[in-house]
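Have a look at the structure below before the remarks.
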Amino acid sequence: MKKILIYFFLFLLIAGNVYSFVSGIELANEIGTFETESKRIHQENIELEKKATTINSLQYAASIAASLDFVKQAAPIYLNNLTYALNR
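Here is the structure:
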């Protein structure tokens, strides 16, 4: 009876170790997939930041204005009386 229990627990221990090993391999593959996906997203984010910087630049605005034939520059407007802005 003792031998049967020992073999049974030994079998359970081996089966648990095999299951742990196989699930560890599956998790490692999933981690690799997540790492490649995060690298791809990071690269895409860098490219989008470059595009956003280009679009927000003054040179881009000037080139678009020139292509749309906006040649007249607006004169700045200055406030002579700042009492309202300073709340005095």
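Add 614 to a position in the sequence shown, counting from 1, and you land on the number used in the working numbering. All residues carry an ideal CB built from backbone N, CA and C; glycine is no exception. Here the structure is a predicted model, which is why all the values come from computation and not from measurement.
For ILE639, the three-state secondary structure derived from DSSP is helix. Our two residues, ILE628 and PHE648, have alpha carbons roughly 30 Å apart in a direct line. Exclusion of the five residues before and after ILE660 leaves no residue of its chain whose Cβ lies closer than 6 Å to its Cβ. Counting along the chain, ALA680 sits inside the alpha helix (DSSP H) bounded by residues 672 to 681. Per the coordinates, the alpha-carbon of VAL685 lies some 10 Å from the alpha-carbon of ALA676.
Linking LEU672 to HIS656 through their CA atoms gives a straight-line distance of about 26 Å.
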